[in-house]
Amino acid sequence: MILPRRAFSQMVAGAAALPVVSRIARAQAYPVRPVRIIVAVPPGGGMDLIARIIGQSLSERLHQPFVIENRPGAGGTIGAEAVVRASPDGYTLLLATTVDAINVTLYEKVNFILDVTPVASIARTPNVMVVHPSFQPETIPELIAYAKANPGKINISGGPAAGTGLIAAELFKLMAGVNMVYVSYRGMASALNDLLGGHLQLVVSTLPAAIEYIRADRLRALAVTSAARSQVLREIPTVADFLPGYESSQWYGVAAPRNTPPAIVEKLNKEINAAITDSKLEGRLVDLGSVVFTGSPADFGKLIADETEKWGKVIRAANINPE
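In structure tokens:
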């Protein structure tokens, strides 16, 4: 059979368009099976809690389970690596946090900026410095004075040996000129349990992980680490009130493997932005001390790049090394 030139050209054009149409169709149908959200810490901490809140909302919105999978270890790099190596099909996602930006400087083989596709930001929350109610210092100036009078006798933790808790603690030690012993834990929940048990004196915790203990008077908050006071702990001062220029906060977002189809990234971005601006879910995040912030994938990518540069400078200045 001999095809007319016009018919042959139409057939070739149609065949060339098939892969594009197929990708668009897959994106429109996405998701058609359960999606994993990798969380690089054990269950029970602030990161895990944020992931479960977002996962539940996405499950309801997209009618497929968004399953939280905890992959702790190696300062968060094990969980991130699991996502980097996953198929770029939208079915393996990462709860990305400030830790991932920090790890770019701490670990030579980690290049988080190049290895993932930013999807959407979720929220930002301050850390909070908490002590056991029996601990004598009740303010940041009293803590600094006590630490200077008792060098090396205060055990402080911020969870894992790499992360915002560690950086916030080391920045505090550097700016206050005090000597404290940093004790690392696999997750924030373990550090808070030891603080409750009297085995630690001070923890720089994510606010979502500690806030219920503070409200129940089981822990005492000395200060929040953000530049401004927390809206849910208005009576608690900032560290910067006593150490001008001090600031440390944690952000959360979602990232996917590099080369994830743009249509899937855009769909996830749209749904996450809609979820966190829903009054019910936003209220839950605000109650945990978080401030939600929406944006495009490019906006989230810029945040990651800016935070990587910012914390790289702090890590080098404080000579921080992973264990």
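Count along the sequence shown from 1, add 2, and you get the number used in our numbering.
We put the beta carbon where it would ideally sit given N, CA and C, even for glycine.
Owing to the predicted nature of the structure, the values given are computational and were not obtained by experimental measurement.
Sequence-distant residues of its chain with Cβ nearer than 6 Å to residue i (five each side left out)
i      : result
Asn181 : Pro153 and Gly154
Tyr254 : Ile52, Thr99, Ile124 and Ala125
Thr107 : Gly314 and Ile317
Ala211 : Gly47, Gly48 and Met190
Gln203 : Phe137, Ile156 and Asn157
Ser292 : Ala125 and Thr127
Leu209 : Thr127, Pro128, Val130 and Gly291
Leu95  : Ile39, Val256 and Ala258
Nearest-angstrom Cα separation, counted from residue j out to residue i
i      : j      : result
Glu144 : Gln138 : 9 Å
Leu224 : Gln233 : 15 Å
Ala178 : Thr296 : 35 Å
Val34  : Leu60  : 13 Å
His134 : Asp219 : 9 Å
Val101 : Ala147 : 30 Å
Val205 : Ser186 : 10 Å
Gly57  : Ser89  : 20 Å
Lys150 : Thr141 : 14 Å
Glu62  : Pro246 : 44 Å
Ala31  : Thr240 : 47 Å
Lys304 : Asn321 : 26 Å
Pro45  : Gln252 : 17 Å
Ala319 : Phe174 : 13 Å
Pro74  : Leu176 : 28 Å
Leu64  : Phe244 : 47 Å
Ser298 : Asp50  : 23 Å
Pro263 : Val41  : 22 Å
Selected residue, minimal CA-CA separation from residue i, among the options
i      : options                           : result
Ala334 : Leu290, Ala257 and Glu284         : Because the chain spans 3 through 325 in this model, residue 334 falls outside it and cannot be assessed.
Gly47  : Lys150, Leu168, Leu305 and Ile213 : Ile213
Glu273 : Ile124, Ala147 and Leu197         : Ile124
Leu97  : Asn321, Asp308 and Phe302         : Phe302
Tyr215 : Arg188, Ala193 and Ala242         : Ala193
Asp91  : Arg38, Gly75, Val130 and Asn129   : Arg38
Ala103 : Pro74, Ile306 and Asn321          : Ile306
Tyr93  : Asp308, Asn275, Asn321 and Pro259 : Pro259
Glu309 : Ala42, Ile169, Ile40 and Pro44    : Ile169
Val43  : Ile55, Pro162 and Arg231          : Pro162
Leu221 : Ile55, Ile40 and Val132           : Val132
Arg87  : Ser298, Asn261, Asn271 and Ile238 : Asn261
Cβ of residue i within 8 Å of any chain D Cβ
i      : result
Ile158 : Chain labels in this structure do not include chain D; a single protein chain is all it has.
Same chain only: Cβ atoms within 8 Å of residue i, ignoring 5 sequence neighbours per side
i      : result
Ser136 : Gly200
Val294 : Ile124, Ala125, Ile278, Thr279, Glu284, Leu287 and Val288
Asn323 : Leu108
Ser159 : Gly167, Ala171, Tyr184, Val185, Ser186, Tyr187, Ala193, Asp196, Leu197, Leu202, Leu204, Val205 and Val206
Leu235 : Val130, Leu209, Ile213, Ile216, Ala223, Val226 and Gly291
Gln66  : Pro33, Val34, Arg35, Pro36 and Val37
Pro231 : Checking the displayed sequence, the identity of residue 231 turns out to be Arg instead of Pro. Around Arg231: Ile238, Pro239 and Thr240.
Ile55  : Leu283, Arg286 and Leu287
Residues near residue i by beta carbon distance below 7 Å, same chain, minus five either side
i      : result
Ala242 : Ala229, Tyr248 and Glu249
Gly165 : Gly77, Gly78, Val101 and Ile104
Ile115 : Val106, Ile306, Ala307 and Thr310
Asn275 : Ala122 and Thr296
Asn271 : Val121, Ala122, Ser298 and Pro299
Can you find at least 3 beta carbon pairs, one from the region 312-320 and one from the region 71-85, that sit closer than 8 Å?
Contact between the region 312-320 and the region 71-85 is absent, because fewer than three Cβ pairs lie under 8 Å.
Three or more C-beta pairs under 8 Å: does that hold for the region 117-128 against the region 260-278?
Taking a contact to require three or more Cβ pairs closer than 8 Å, the region 117-128 and the region 260-278 qualify as touching.
Taking only runs of the beta strand (DSSP E) that begin and end inside the region 203-258, which ones reach a length of at least 3 residues, in chain order?
Listed in chain order, they are 204-208 and 222-226.
Between the region 67-78 and the region 279-294, do at least 3 Cβ pairs fall closer than 8 Å?
Contact between the region 67-78 and the region 279-294 is not established, with fewer than three Cβ pairs separated by less than 8 Å.
Minimum length 3: unbroken beta strand (DSSP E) runs contained in the region 31-79:
List check, beta strand (DSSP E) in window: 37-41 and 68-72.
Note down, one range per segment and in chain order, each beta strand (DSSP E) of at least 3 residues found wholly within the region 122-186.
Qualifying beta strand (DSSP E) stretches, in chain order: 157-159.
What residue ranges within the region 273-314 form continuous alpha helix (DSSP H) runs of no fewer than 4 residues, ordered along the chain?
Within the region 273-314, the complete alpha helix (DSSP H) runs of at least 4 residues are 281-289.
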